[in-house]
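Visitor: Questions regarding the structure given below will be posed in turn.
Chains as they are written, first to last, in this note's numbering: chain A, 548 to 1003; chain B, 54 to 351; chain C, 273 to 599.
This is the structure in structure tokens:
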């Protein structure tokens, strides 16, 4: 058992990797896809096609709307039917480009062959530009535009690239299957990232519940001869794959409050992102599909599907047999940080990693009882916060006390609510408090800036 | 024995006098000079410390009132015109009488009219629910029913009706302090004038979806058809974003909009007699016929 | 398509199997070995005592929550059962049953429910009940009857009581120990007189280890109490071995083990952080020894814990756990 892990907090949910044995299948194309313009951190993308245009797979259909933004490419070939608001998985209207599918014609220049391209181009600037043009965003859940992450502010130095293969959320197995079936591409992608950040060492972190993946990747690294890349087996613990916690576990450095990982010399990318980087740089293939797990104890047809971005979730579920009768919750993502789906007609995004079905027994919340001051929440919090205190302050909206107790450092991992014996809805309230504190901090910074400008 | 008693009385008396003197001198030495009118104004305040005036409590209001050049931008909704008159008298200012306001819940999406399409299992707070998703009905603008407004009210004027799932405002207790308005994440509650003898008209819907979508989600929704705006002879109704809004300053309480609304989204409160829709519709028809003929003659 | 409605909630969507009731049940299980030992030594009267204590605590909490507070009753979380067990284990087995009931009323009614129920009380309810009885009914509380149980045991005052009496009469510690035939093994496996909870140190320690393994409690409060008691006793014993008892004697005698393992570690009345807990333990250990050596009572654990309970809010304010990424 590995001892490599983060230093504070954490919980041990059962890993429930039910679909780990399912090889990646291609999902047949849906009749239409709906590409949301805002599916990455930063400004929403701006459409560059019009209704009625014919598009091919991999053709850019929306350009970045700001510095921190990303391209969006058509994931199918067909005709643009509409550019209109459509309810997302939470029921809120989001601008989407609807494309009716006709055939499967790919744009020119994209290499669709299976040949592994191991020669990495030398021009780092060109690599980053290729990544930007391919619309690659972080596929670990945050969907931060990768080309921005790979261009740190001047003065900051990267000392290590960490590839996150932990997949610490229970049930998710998409990263595991990618490591097993597309391991070579991932390793080349890791090598590209390590070169771009200054030929720094690269660590691929994988939890010990994936021994086949660890062995496979180690074999690939030896065979392909990439000396700077190594695999680090990690202890099975949640949230091992959280960016700050992973950096703590691998490099034994803690990213400060409000700071970025680059401040301690780390750049973390998900396994899926490394694969997308390989595709973008070596195959000229933009980000148009990703692997997601469809799973849950009550779901009879577990699968890991390669799905085109924008596929309606209902289509995916119906392809595999429909929503099971005893499922009461359908979640996009994992059970700890995923979002419960209110609208099954919504479509997948670049960052969608799973469709999970949970029964009433597994997910319904028990009634809240009195806090017994056991401190389990504080013991579980990976950021070392005291949720019992933050909860009380959040209820009376004491922003000063919340800021003093670091509510803004909360990573919303859910360990506190998961471990509370009294079933208190801790994170529900702390989330609101965190937003309020961040708002207050921003307002203060803006006011200070304005005051400084006024003085000039 | 008696000596002890005498000594005790003497010592305690002297101690008391000495300490009283010390307290007096300290109070004098460390006295904070304040405008005495602040205390007078504070005495005239209702003392609820609700923050409805925008200041941090009744004393803060008193301080602001004394400092201000006039009372135009200072008003206590809880004390109302009576309190403002007293404050004006103390400070020697003029004050205009303001129309009393009341909180109005602009949603009529009852459990019967607006079916639930999913079950919410999180913490029972409208703020949390609104941040999470569009709600457990087809209307993403309507009341979420968790009672943040009820909890925010310091005067006990709001309560949840278990049958409709909507908050109810007690007109007598409501002081229009605005706490519920701030608490509602969907901005459903509005402070509107109470109206002459408590009569007022308002559109009980804030749904901005197109008509058919809104109607599908809720039988009582405003579908933005515009009939009310066309009927109103005082130009008091504006249709914006597929929803109607009645401007209280222009409304003359004729109740014609309420009669012609196809979904019953417009509500009249405080009227002595129930609305006779047919009679009002007939009256409207007559008037519109007359207008047509008048136009023909021109 | 699904016929029933989907459930929506904020994340996380799963929950650990822990619940308040499970934690309390673990504590009850941990107390069972010591309770069984006391039944063995003191016989049926002790069983009755514990039954009455538990029943009074549970019944009172049910009645008050249902009829006075008009809330759903909270007896399902088993905390009243624990208070009942601990209260019974703090009393001599000859205590009249009506005295026990009064103790239960004070423990649950005054120390727990008036403060707002579980999670809100400042002082450990079982100890408040015990101290109330000690002050109100000193004769009942200091009469240690002869054991009636299976094992032949020595009757008379507890070891601490004997020491205190003997010292007042002018004997030295060694003389008192010799004349009473005290030995450490006796105290460990306990056939000495005392309250039910004092009898078997080994059973209590086994319960403590069980709780640590089940991750119900963290060991640092208890270990800090033991360490402080041992150190303080060592220092004083070195200075004057004829006046002051030694470390091992103090660790094994009286209600120290019961108090350190089960009362000081009560969630509600102990500090939340590591350093807060350590200082809490040091305070309890030190105060216990001061009361034992210099105070009018032979046993000091109950008072020491109650005094340190008052300091807990301050400890919680001063000591917070280390936050990620901050100095």
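We treat Cβ as the ideally placed atom computed from N, Cα and C, and that holds for glycine.
Quick one, which of C/337, C/490 and C/489 has its alpha-carbon nearest residue 389 of chain C's?
Guide: When only C-alpha atoms are compared, the closest one is C/337.
Visitor: In terms of residues, what are the limits of the beta strand (DSSP E) holding residue 842 of chain A?
Guide: Residues 836 to 842.
Visitor: Check for me: the beta strand (DSSP E) holding residue 607 of chain A runs from which residue to which?
Guide: First-last of the beta strand (DSSP E) with residue 607 of chain A: 607 to 610.
Visitor: Would you mind stating whether residue 275 of chain B and residue 291 of chain B have Cβ atoms separated by less than 8 Å?
Guide: Contact: no.
Visitor: Checking contacts by CB at 8 Å: is residue 343 of chain B closer than that to chain A?
Guide: Output row for residue 343 of chain B: interface = no.
Visitor: Between A/927, A/703 and A/668, which lies nearest to residue 824 of chain A when the distance is taken from Cα to Cα?
Guide: Out of A/927, A/703 and A/668, A/668 has the C-alpha closest to the C-alpha of residue 824 of chain A.
Visitor: Establish whether the CB of residue 184 of chain B and some CB of chain A are separated by less than 8 Å.
Guide: Yes, contact with chain A.
Visitor: Less than 8 Å separating the beta-carbons of residue 496 of chain C and residue 572 of chain C?
Guide: For residue 496 of chain C and residue 572 of chain C, no; Cβs fall outside 8 Å.
Visitor: In whole angstroms, what separates the C-alpha of residue 338 of chain B from that of residue 271 of chain B?
Guide: So the two alpha carbons sit approximately 29 Å from each other.
Visitor: Just the Cα atoms here: how many angstroms apart are residue 274 of chain C and residue 578 of chain A?
Guide: Any answer about residue 274 of chain C is weak, because its pLDDT of 41 lies below 50 and its placement is not dependable; what the coordinates show is given next. Between residue 274 of chain C and residue 578 of chain A, the C-alpha separation is close to 21 Å.
Visitor: Find out if the Cβ-Cβ distance for the pair residue 302 of chain C, residue 472 of chain C is shorter than 8 Å.
Guide: Result no, Cβ atoms of residue 302 of chain C and residue 472 of chain C do not sit closer than 8 Å.
Visitor: What's the call for residue 431 of chain C, buried or exposed, on a 16-neighbour Cβ count within 10 Å?
Guide: So residue 431 of chain C counts as buried.
Visitor: With respect to the alpha helix (DSSP H) encompassing residue 325 of chain C, which residues constitute its N-terminal and C-terminal limits?
Guide: Segment 316 to 335, the alpha helix (DSSP H) holding residue 325 of chain C.
Visitor: What number of angstroms, rounded off, separates the C-alpha of residue 629 of chain A from the C-alpha of residue 925 of chain A?
Guide: Their Cα atoms are separated by approximately 49 Å.
Visitor: Return the residue from the list A/786, A/706, A/719 and A/690 that minimises the CA-CA distance to residue 747 of chain A.
Guide: Residue A/706 is the option with its Cα nearest to residue 747 of chain A.
Visitor: Helix or strand or just coil, what does DSSP make of residue 274 of chain C?
Guide: Because the pLDDT at residue 274 of chain C is just 41, under 50, the model does not fix this residue reliably, and the value given afterwards should be weighed accordingly. If DSSP states are grouped into helix, strand and coil, residue 274 of chain C belongs with coil.
Visitor: Taking the runs of the alpha helix (DSSP H) that are 4 residues or longer, which of them lie wholly in the stretch 174 to 232 of chain B?
Guide: Complete alpha helix (DSSP H) runs here, min 4: 179 to 185 and 201 to 205.
Visitor: Note down, in chain order, all residues in the stretch 515 to 537 of chain C with a beta-carbon under 8 Å from any beta-carbon belonging to chain B.
Guide: Under the 8 Å Cβ criterion, the stretch 515 to 537 of chain C contributes no residue.
Visitor: Can you list the residues of chain C that residue 175 of chain B reaches, using a CB-CB cut of under 7 Å?
Guide: The answer, in chain order, is 281 and 282.
Visitor: Does the beta-carbon distance from residue 966 of chain A to residue 290 of chain C come in below 8 Å?
Guide: Cβ atoms of residue 966 of chain A and residue 290 of chain C: closer than 8 Å.
Visitor: DSSP on residue 257 of chain B, reduced to helix/strand/coil?
Guide: Coil.
Visitor: If you measure from the beta carbon of residue 985 of chain A to each beta carbon in chain B, is any gap under 8 Å?
Guide: It does not: the Cβ of residue 985 of chain A has no partner Cβ on chain B nearer than 8 Å.
Visitor: Nearest by alpha-carbon distance to residue 550 of chain C: which of C/565, C/500 and C/560 is it?
Guide: Selected option, being the one with the closest Cα: C/500.
Visitor: Under 8 Å Cβ to Cβ from residue 1006 of chain A, same chain only, skipping five residues before and after it: list those, please.
Guide: Lying outside 548 to 1003, the shown extent of chain A, residue 1006 of chain A is not represented and no answer is given.
Visitor: Could you work out which residues of chain B lie near residue 277 of chain C, taking near to mean beta carbons separated by less than 9 Å?
Guide: Neighbours of residue 277 of chain C on chain B, chain order: 169, 170, 171, 172 and 189.
Visitor: Determine, for residue 181 of chain B, whether the minimum Cβ-Cβ distance to residues of chain C falls below 8 Å.
Guide: Output row for residue 181 of chain B: interface = yes.
Visitor: Can you find the residues in the same chain that come closer than 6 Å, C-beta to C-beta, to residue 161 of chain B, ignoring five residues on each side of it along the sequence?
Guide: Excluding residues within five positions, the ones whose Cβ falls inside 6 Å are 257 and 273.
Visitor: Hey, out of B/219, B/304 and B/121, whose CA is closest to residue 91 of chain B's CA?
Guide: For the residues B/219, B/304 and B/121, the minimum Cα distance to residue 91 of chain B belongs to B/121.
Visitor: Would you call residue 251 of chain B buried or exposed, if buried means 16 or more other Cβ atoms sit within 10 Å of its Cβ?
Guide: The residue is exposed, with fewer than 16 neighbouring Cβ atoms inside 10 Å.
Visitor: Could you name the residues of the same chain whose beta carbon sits closer than 7 Å to that of residue 88 of chain B, not counting the 5 residues immediately before and after it, in chain order?
Guide: Taken in chain order, the residues that qualify are 119.
Visitor: Any beta carbon of chain A sitting closer than 8 Å to that of residue 580 of chain C?
Guide: Not an interface residue.
Visitor: Can you pull the chain B neighbours of residue 941 of chain A, defined as C-beta to C-beta under 9 Å?
Guide: Chain B residues near residue 941 of chain A: none, gap ~10 Å exceeds 9 Å.
Visitor: For residue 365 of chain C, count the other beta carbons within 10 Å of its own beta carbon; 16 or more makes it buried, fewer makes it exposed. Which is it?
Guide: Its Cβ being crowded by 16 or more others within 10 Å, residue 365 of chain C is buried.
Visitor: Could you pull out every unbroken beta strand (DSSP E) segment of at least 3 residues lying fully inside the stretch 623 to 678 of chain A, listed in chain order?
Guide: Within the stretch 623 to 678 of chain A, the complete beta strand (DSSP E) runs of at least 3 residues are 625 to 634 and 640 to 648.
Visitor: Quick one: using the 10 Å Cβ neighbour count with 16 as the cut-off for buried, is residue 322 of chain C buried or exposed?
Guide: Looking at its Cβ environment, which holds 16 or more other Cβ atoms inside 10 Å, residue 322 of chain C is buried.
Visitor: So, are the CB atoms of residue 292 of chain C and residue 919 of chain A less than 8 Å apart?
Guide: Yes, they are a contact pair.
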